[in-house]
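What follows is a short report on a single structure.
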Ligand SMILES: Nc1ncnc2c1ncn2[C@@H]1O[C@H](COP(=O)(O)OP(=O)(O)OP(=O)(O)O)[C@@H](O)[C@H]1O
Ligand SMILES: [Mg+2]
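This is the structure:
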């Protein structure tokens with residue numbers, strides 16, 4: 001019964017995956033090698049130029065990278081930084097880098113602590129960086145000591161930098177780069193955000209020292225997405241992908257804006273769905289179902305992870321959509337309903353202007369769609385906003401937030 005290589009194995013389990021050969025290539029945490037990165041030569045060159053001085057132990061430029069979701073910002077920053085580290089090693093310069101997700105570490109002290117913990121080796125420094133118990137000043141002191149021990153140059157990548165509570169940590173890190181009495185190492189920061197207006201929120205002081213180079217990453221076109229996916233074809237077993245699968249995935253992912261994460265997620269989902277249905281090949285219907293799934297996941301991640309004030313604004317839009325026949329609402333109507341919602345939630349009051357900005361961000365993130373609507377002859381134009389998803393779905397995601405669920 002058993003053939004040669006299944007000898008001794010429990011037949012209850014499966015040993016070879018019918019669809020995937022190297023599924024990890026499609027996982028979001030996977031950082032692909034340089035030969036799998038497509039269509040970002042210029043951007044990689046620009047990041048390399050900013051970091052180039054690090055190879056010789058000199059101060060790199062600070063960088064800000066902006067662009068819509070899935071345009072390769074995190075990937076390019078990580079990939080180029082890792083290559084700098086290797087090149088510098090040849091020159092016997094120790095370049096170290098840390099990658100901080102500010103969505104998870106949003107306070108000054110947690111960022112400082114995380115950098116120190118990632119760099120530190122207690123056996124070498126004799127210094128511990130405890131999870132709690134130190135004041136912010138003491139964490140900084142340990143950080144400078146740890147940096148001095150391990151790095152000639154430190155590159156701090158602050159991903160989703162707009163999630164930081166304030167810019168104090170940016171100010172201190174950029175000062176360390178200039179002030180040799182804090183640390184003898186050169187420290188530079190790469191800030192990444194998908195909020196294009198983020199620099200407007202920084203204080204002038206920080207802006208002048210940090211925003212040395214700003215890069216904007218444009219969305220991919222369908223052709224580029226196709227090449228990105230082709231380079232991951234080996235995630236699948238040979239012959240499993242139908243001919244039209246990659247072109248269709250690329251076309252679907254290029255729909256709103258060319259988002260490589262979405263493209264890879266759709267392809268991954270399509271494979272998982274085919275496997276679940278015990279199909280031998282991945283076909284177009286799997287891709288379409290994979291797209292639905294990717295959109296639902298992305299939406300709940302975007303909305304679920306948003307700050308409470310943003311959720312309150314979206315909730316106001318849900319209530320309006322439920323209670324009215326029309327689907328588009330002016331900023332001031334949304335603001336009126338928001339004002340009631342935020343009282344129930346015990347939130348600080350935001351100005352109408354601020355709510356307008358939050359709506360603009362949600363439009364940029366494709367959670368809502370904002371348009372300019374005319375008042376009619378001589379009446380000028382005003383902004384209206386509508387949900388892109390079914391209000392029931394939006395509401396369900398919003399009510400997963402404990403605060404909204406208990407107060408509303
Ligand atoms: N040029 C590219 N070549 C190959 N793969 C890419 C490319 N750009 C992005 N990817 C892949 O697409 C996914 C999303 O990329 P990445 O995380 O860098 O996007 P991002 O711009 O940081 O998006 P977000 O703003 O949502 O964080 C990753 O899996 C990444 O490996
Ligand atoms: Mg990113």
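In full-length UniProt numbering, the protein residues as written are 1 to 408.
Ideal Cβ positions, reconstructed from N, Cα and C, are used throughout, including at glycine.
Sequence-distant residues of the same chain with beta carbon closer than 6 Å to residue i, five excluded per side
i, result
"residue 374", "381"
"residue 386", "327, 328 and 369"
"residue 213", "50, 61 and 63"
"residue 155", "81, 97 and 188"
"residue 19", "240, 271, 274 and 275"
"residue 13", "none"
Contacting residues, own chain, Cβ-Cβ under 8 Å from residue i (five flanking each side not counted)
i, result
"residue 3", "Summary for residue 3: the model assigns pLDDT 48, below 50, so the residue's position carries little reliability; its value from the coordinates is reported in the next sentence. So no residue of the chain qualifies."
"residue 246", "226, 229, 230, 233 and 267"
"residue 48", "80, 83 and 84"
"residue 287", "245, 248, 249, 252, 266, 267 and 270"
Paired residues, beta bridge with residue i - DSSP
i, result
"residue 336", "The partner list for residue 336 (beta bridge, DSSP) is empty, contrary to what the question assumes."
"residue 99", "157"
"residue 350", "BP columns for residue 350 are empty, so no partner."
"residue 214", "64"
"residue 191", "64 and 158"
"residue 245", "According to DSSP, residue 245 bridges with nothing at all."
Cβ-Cβ separation, residue j to residue i (assumed contact under 8 Å), whole Å
i, j, result
"residue 294", "residue 269", "6 Å"
"residue 174", "residue 210", "5 Å"
"residue 157", "residue 93", "Rounded, the Cβ-Cβ distance is 19 Å, inconsistent with contact."
"residue 55", "residue 87", "5 Å"
"residue 259", "residue 69", "6 Å"
"residue 403", "residue 308", "6 Å"
"residue 28", "residue 261", "7 Å"
"residue 367", "residue 388", "7 Å"
"residue 322", "residue 391", "6 Å"
"residue 397", "residue 303", "5 Å"
Neighbourhood of residue i by C-beta, 7 Å cutoff - its chain only, sequence neighbours within 5 removed
i, result
"residue 116", "129, 139, 142, 143 and 146"
"residue 124", "149"
"residue 74", "159 and 192"
"residue 106", "163, 164 and 165"
"residue 1", "Only weak support exists for where residue 1 lies, its pLDDT of 44 falling under 50; the value from the coordinates is given anyway. Excluding residues within five positions, none has a Cβ falling inside 7 Å."
C-beta contact flag for residue i and residue j at 9 Å
i, j, result
"residue 318", "residue 280", "no"
"residue 215", "residue 46", "yes"
"residue 217", "residue 103", "no"
"residue 169", "residue 57", "no"
"residue 408", "residue 341", "yes"
"residue 25", "residue 235", "yes"
"residue 338", "residue 312", "yes"
"residue 21", "residue 238", "yes"
"residue 190", "residue 300", "no"
"residue 283", "residue 255", "no"
"residue 186", "residue 364", "no"
9 Å Cβ cutoff, residue i in contact with chain C
i, result
"residue 195", "Although the question refers to chain C, the structure presented lacks it and comprises just one protein chain."
**Request:** Quick one: which unbroken beta strand (DSSP E) runs of 3-plus residues sit fully inside the region 66-121? Chain order, please.
**Result:** 95-101
**Message:** Going residue by residue through the region 341-408, where are the continuous alpha helix (DSSP H) segments of at least 4 residues, counting only ones entirely within it?
**Reply:** 352-364, 391-398 and 402-407
**Request:** Only counting runs of 3 or more residues, tell me where the beta strand (DSSP E) segments fall wholly within the region 18-46, in order along the chain.
**Result:** none
**Message:** So within the region 236-281, which uninterrupted alpha helix (DSSP H) runs reach at least 4 residues, ignoring any that extend past its ends?
**Reply:** 245-253 and 260-276
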